[in-house]
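S.K.: In our numbering, the protein residues as written are 423 to 640.
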Amino acid sequence: MENSNFSSFLDIAKLKADVLDKAELFLTDINEENLKAFSNEVKKIAEGTLQKYVFKVCDWYTDGDFSEDQEFLSKFVDLKTGYQQTMLNWIEQNCIVVQQQSFEYPEYPTKPDTKSQIQTTAITGAVGTAIATGLLIFGHPWLALATELLTVALTYYSFRKYQKSKKQYEMELEAYEIKIESMKNDLVNGITDDLVNWVNQGVEYSNSILDTYQTEAK
Numbered sequence: 423m424e425n426s427n428f429s430s431f432l433d434i435a436k437l438k439a440d441v442l443d444k445a446e447l448f449l450t451d452i453n454e455e456n457l458k459a460f461s462n463e464v465k466k467i468a469e470g471t472l473q474k475y476v477f478k479v480c481d482w483y484t485d486g487d488f489s490e491d492q493e494f495l496s497k498f499v500d501l502k503t504g505y506q507q508t509m510l511n512w513i514e515q516n517c518i519v520v521q522q523q524s525f526e527y528p529e530y531p532t533k534p535d536t537k538s539q540i541q542t543t544a545i546t547g548a549v550g551t552a553i554a555t556g557l558l559i560f561g562h563p564w565l566a567l568a569t570e571l572l573t574v575a576l577t578y579y580s581f582r583k584y585q586k587s588k589k590q591y592e593m594e595l596e597a598y599e600i601k602i603e604s605m606k607n608d609l610v611n612g613i614t615d616d617l618v619n620w621v622n623q624g625v626e627y628s629n630s631i632l633d634t635y636q637t638e639a640k
């Protein structure tokens, strides 16, 4: 079997669907705990996808055409330098990092200022503190967007507590909702693309290792 045919061992469509499921589960309401849970869960999804691929490839070699080649198997399954351990080392060395950052966000005063716009109101009033959680994938940080998203969401929740029905209030509330949805989509889509790229990079590294073993076996 050529390395390219191992693609049946990899289910990228399921990875994308699973990430979307976690987004729907945890990001309907944007808050500290949900962002943290989402980050941790999608990290597990990507790492689990690549690990399953590695285990299936390993099983194919050890149970297939090379199962009787003891010289090949001794190298392939070596606990320190064999294929599986080498790939697990790659996953650890290129691990998806969960990062956290404490930040301040604006809280609206008890009585709303109907003359204020979103931009100006966000500068005034009390200040709250929160912790955002994001991923670092191949040096690409998603913590900044996660922090911005959580800032807007918390400000929105504070603003939504106002007991008034003025048109300006409704317009500002809608503006927050649109911005939150847009930023959430950017976060989920961007992280999904990076997770897929991370898995594919792992597969490419796997192919390079397998090429070496197949060359030695000839």
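The beta-carbon is built from N, C-alpha and C at its ideal position, and this holds for glycine as well. Keep in mind that this is a model prediction, so the values were computed, not measured.
What span of residues does the alpha helix (DSSP H) with residue 460 cover, start to end?
M.R.: The count along the sequence shown starts at 1 and reaches residue 460 at position 38. Start and end: 454-485.
S.K.: Using CA coordinates, which residue listed in 456, 513, 492 is at the minimum distance from residue 659?
M.R.: Residue coverage of the chain in this structure runs from 423 to 640, which leaves residue 659 outside it and unanswerable.
S.K.: Report the three-state DSSP secondary structure of residue 529 (helix, strand or coil).
M.R.: Taking the first residue of the sequence shown as position 1, residue 529 is located at position 107. In the three-state reduction of the DSSP assignment, residue 529 falls in the strand class, which pools E and B.
S.K.: The alpha helix (DSSP H) that contains residue 512, what's its start and end?
M.R.: Translated into the one-based positions of the sequence shown, residue 512 becomes position 90. For residue 512, the uninterrupted alpha helix (DSSP H) segment begins and ends at 505-515.
S.K.: I need the boundaries of the alpha helix (DSSP H) containing residue 441, first residue and last residue.
M.R.: Numbered from its first residue, the sequence shown carries residue 441 at position 19. Counting along the chain, the alpha helix (DSSP H) containing residue 441 begins and ends at 434-448.
S.K.: Could you name the residues that DSSP lists as bridge partners for residue 556?
M.R.: In the sequence shown, counting from the first residue as 1, residue 556 sits at position 134. Looking at the DSSP assignment, residue 556 forms a beta bridge with 521.
S.K.: Once DSSP output is grouped into helix, strand and coil, what is the label at residue 618?
M.R.: In the sequence shown, counting from the first residue as 1, residue 618 sits at position 196. Three-state result, residue 618: helix.
S.K.: What does the alpha-carbon distance come out to for the pair residue 433 and residue 471?
M.R.: As a working mapping, residue 433 is identified with position 11 in the sequence shown. As a working mapping, residue 471 is identified with position 49 in the sequence shown. About 7 Å.
S.K.: Assign residue 624 to buried or exposed, taking buried as 16 or more other Cβ atoms, counted over all protein chains shown, within 10 Å of its Cβ.
M.R.: In the sequence shown, residue 624 corresponds to position 202, counting from 1. With 16 or more Cβ atoms within 10 Å of its Cβ, residue 624 is classed as buried.
S.K.: Should residue 532 go down as buried or exposed, given a rule of 16 or more other Cβ atoms within 10 Å for buried?
M.R.: The count along the sequence shown starts at 1 and reaches residue 532 at position 110. At residue 532 the pLDDT is 48, less than 50, meaning the model places this residue with poor confidence; the figure from the coordinates comes in the next sentence. The residue in question, residue 532, is exposed, as its Cβ has fewer than 16 Cβ neighbours within 10 Å.
S.K.: Quick one: what's got a C-beta closer than 6 Å to residue 616's C-beta in the same chain, skipping five residues either side?
M.R.: As a first step, residue 616 is located in the sequence shown; it is residue number 194 there, counting from the start. Once the five neighbours on either side are set aside, the close Cβ partners of residue 616 are 559, 562.
S.K.: Would you call residue 477 buried or exposed, if buried means 16 or more other Cβ atoms sit within 10 Å of its Cβ?
M.R.: Here residue 477 refers to the residue found at position 55 when the sequence shown is read from its first residue. Exposed, by the Cβ-count rule.
S.K.: Under the DSSP definition of a beta bridge, which residues are partnered with residue 550?
M.R.: Taking the first residue of the sequence shown as position 1, residue 550 is located at position 128. According to DSSP, which records beta bridges pairwise, residue 550 is partnered with 527.
S.K.: Report back the beta-carbon spacing between residue 627 and residue 512 to the nearest angstrom; my notes put them in contact at under 8 Å.
M.R.: Against the sequence shown, residue 627 aligns to sequence position 205. Against the sequence shown, residue 512 aligns to sequence position 90. Indeed they touch by this definition, with Cβ atoms about 5 Å apart.
S.K.: Answer yes if the stretch 492-500 comes into contact with the stretch 458-474, meaning at least three C-beta pairs across the two stretches below 8 Å, and no otherwise.
M.R.: no
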